[in-house]
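Line by line, the protein sequences give chains A and B.
With the working numbering applied, the first sequence covers 1016 to 1332.
With the working numbering applied, the second sequence covers 1016 to 1332.
There are 2 protein chains.
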Amino acid sequence: MGEFELIRRYFLPLAGDTRSAAVSLGPGDDCAIERLPTGTELVFSIDTMVEGVHFPVQYDPARLAWRSLAAAASDLAAMGADPVCFTLALTLPEAGDDWLQAFAGGLGEAAKAFGLALAGGDTTRGPLSVTFQVHGTVPQGQALLRSGATPGDLVCVSGTLGDAGAALALLERDPSTADARYLLQRYHRPEPRLALGQQLRGRASAAIDLSDGLLADLGHILAASGVGADVDVSRLPLSDALRRHAGSRAGALALRSGDDYELCATIPQAVWPALPETLRERLTVIGEISAQAGLRLQNAGAELAAGAGYDHFGDPS
Amino acid sequence: MGEFELIRRYFLPLAGDTRSAAVSLGPGDDCAIERLPTGTELVFSIDTMVEGVHFPVQYDPARLAWRSLAAAASDLAAMGADPVCFTLALTLPEAGDDWLQAFAGGLGEAAKAFGLALAGGDTTRGPLSVTFQVHGTVPQGQALLRSGATPGDLVCVSGTLGDAGAALALLERDPSTADARYLLQRYHRPEPRLALGQQLRGRASAAIDLSDGLLADLGHILAASGVGADVDVSRLPLSDALRRHAGSRAGALALRSGDDYELCATIPQAVWPALPETLRERLTVIGEISAQAGLRLQNAGAELAAGAGYDHFGDPS
């Protein structure tokens, strides 16, 4: 199957299924074209996942499509953006019908779930990797940045942490328990917190998505904002499945492991009580921003008190 | 060197050097942010180049950076877009200082030459490949599409064709002649025809850039426009270097080989005489659009009369 036939068979139908009025020209020309509503800015991010690095060798193609588009869309959530569209650069060793059909199926499901139209792409032959660029919009000047945290702000996270990290050790096995199946689902099918990010616009002072682990990612907020933080490890939100499955390792997983794609946001104390209850219910306060540089852990065992997050080049930074 | 250090050392300085007022937030957050001038649309394209497929193994990193950003920017030229910014997803096996310094150097040179600001990116470990997404703008509704050609339009191309294709066979050798050096330069350092594309806005009825070869790329215009064309092979613009170097193979190279990154545009006959002389001088009329489907070659030897362009999955299509 040639490149053009591959695009015609798998990706043009997907573009039709996910069509958006904002994309005035979709795949099939030299470029795609997007119109932005007046008073908005374009928010965009590019993310690559490589076989054997970011996902297992021989990984299920439908899961790969969902997981990698979710990871990219999670960056839109962290900015508080309204999702619009995406491009896909797919590099694969051979154009197998079964693989492509499953990949396009998972991609269509994810794109519809996240509200993202397929606007364009490129398919090339080579070692398997998937690159997505996602586009969103925010009202001008209202994007959530990493750099706005100020002393006294509450440090909050969504959902539960550490689940996807616990699943890493389970990927090669058949899950024997409901807990293992739950944790694997959290790894395979992350949910970018797009609606939550939008609700945090105008309320949070800073935000980031948790792709590399809480310590690393909160560290980015601290560095960008020029502040420090105190985090109470006993307040980290842990799923029951993680507590039962990981036991005493649960706290370390919640602090250090990545791939959860929850949001971490800082919220001024004066804003917190005025948040809609439905929004407060989605967040757990785990600490406070301070003027003193550094990230200090309270109620942590000695083994938790040092170290940092995941770095894509493998060096602790 | 970790991912963050790599970005800090090589790519943040490059973002500073290429800064644009349109990019209101550059690299370093979850997303970048771009503002579009009122009345314009965003034009964007994503392109991947894989080692051993789109460029030679052990290819010079500065040339790789130039060539792959040029190939991406060429899609903006084909739409008549004003260049704005780009993102880079770089996958490389190891983060070697020499390689990265040369790559960033070539990239900075290309980005400045093309008027593109580095807005964001992602670096991952894996087999070497480079993905660029380029962004431009056009006044709303004025992008050059593939689909606007109508019978009677003149088929035009810029520059000379076949040079980069002739260079493919020279990549492994030391060039012994000035002609070989010229052809290699055309392969290593393509010039996206951005200014030409902008001049064609409102004048050409359709346009495409020549990445896969004239037959294949003009074929895309014909398919998208629902028309055919007659092309006079004796009118194809050939460089003196190509004529001397390739002899009787020059015509076939000009028709079939890719990587020239010239533009092919169709221009209504009534528009042609009114074009500025400087614009007409940059174009060669090679044929005419007809209502009869198919691409017919005049003055072609038998060996030129069949076949098609390059397909990234290797199948003749």
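Even glycine gets a Cβ: it sits at the ideal position worked out from N, Cα and C.
- Taking 9 Å as the Cβ-Cβ cut-off, the stretch 1293-1309 of chain A has no residue approaching chain B.
- For B/ASP1113, there are no neighbours in chain A by C-beta distance under 8 Å, as the nearest C-beta there is about 16 Å away.
- Beta bridge pairing from DSSP links B/SER1060 with B/VAL1149.
- Around the Cβ of A/PRO1205, a 10 Å sphere holds 16 or more other Cβ atoms; the residue is buried.
- Note: A/ILE1022 is not bridge-paired with any residue in the DSSP secondary-structure output.
- In the displayed model, B/GLN1284 falls within coil according to three-state DSSP, outside both helix and strand.
- In the DSSP annotation of this structure, the continuous segment of the alpha helix (DSSP H) that includes B/PHE1118 starts and ends at 1112-1129.
- Straight through space, the alpha carbons of B/ALA1126 and B/SER1083 are spaced by roughly 11 Å.
- Residue B/SER1240 holds the alpha-carbon nearest to the alpha-carbon of B/SER1162 among B/ILE1304, B/ALA1280 and B/SER1240.
- In this model, A/GLY1262 and B/ASP1224 are separated by some 59 Å (Cα to Cα).
- It is roughly 7 Å from the alpha-carbon of A/TYR1197 to the alpha-carbon of A/ALA1256.
- Less than 8 Å separates the beta-carbon of B/VAL1170 from that of B/GLU1303.
- With respect to chain B, the C-beta atom of A/LEU1131 has no partner C-beta closer than 8 Å.
- Listed as beta-bridge partners of B/ALA1244 by DSSP are B/ILE1304 and B/LEU1310.
- Among the bridge pairs identified by DSSP, B/VAL1038 is matched with B/GLU1049.
- Contact between the stretch 1108-1119 of chain B and the stretch 1066-1077 of chain A is absent: fewer than 3 CB-CB pairs across the two stretches fall below 8 Å.
- B/PHE1059 sits away from B/ALA1088, with the two beta carbons spaced by 8 Å or more.
- Rounded to whole angstroms, the separation of the alpha carbons of A/VAL1242 and B/GLY1043 is 17 Å.
- In this structure, the CA atom of A/LEU1310 is about 20 Å from the CA atom of A/LEU1253.
- Taken in chain order, the complete beta strand (DSSP E) segments of 3 or more residues contained in the stretch 1145-1195 of chain B are 1169-1173.
- Within its own chain, the residues whose Cβ lies closer than 6 Å to the Cβ of B/GLY1135, once the five positions on either side in sequence are excluded, are PRO1042, ALA1047 and THR1102, listed in chain order.
- Under a criterion of Cβ atoms nearer than 8 Å, no residue of chain B is adjacent to A/GLN1116; the nearest Cβ is some 16 Å distant.
- Put simply, the CB of A/VAL1072 is far from chain B, with every gap to its CB atoms at 8 Å or more.
- In this structure, the straight-line span from the alpha carbon of B/ALA1096 to that of B/ASP1112 is close to 35 Å.
- Within chain A, no residue has its beta carbon less than 9 Å from that of B/ALA1195; the closest one is some 28 Å off.
- Cα atoms of B/ILE1061 and A/LEU1176: separation of roughly 33 Å, rounded to the nearest angstrom.
- Against B/ARG1218, chain A offers no close residue; the least beta-carbon distance is about 17 Å (beta-carbon pairs closer than 8 Å).
- Taking C-beta atoms as the reference points, A/ALA1132 and A/GLY1212 fail to come closer than 8 Å.
- Spanning the alpha carbons of A/ALA1269 and A/LEU1230 requires a straight line of approximately 9 Å.
- Sequence-distant Cβ neighbours of A/ARG1034 in its own chain, meaning closer than 8 Å and more than five residues away, are GLY1041 and ALA1132.
- Residues of chain A whose Cβ lies closer than 7 Å to the Cβ of B/GLU1056 are, in chain order, SER1039, ILE1048, GLU1049 and ARG1050.
- In this structure the stretch 1047-1057 of chain A lies against the stretch 1140-1156 of chain A, because at least three pairs of beta carbons, one per stretch, are closer than 8 Å.
- For B/GLN1148, the nearest CB of chain A lies under 8 Å from its own CB, placing it at the interface with that chain.
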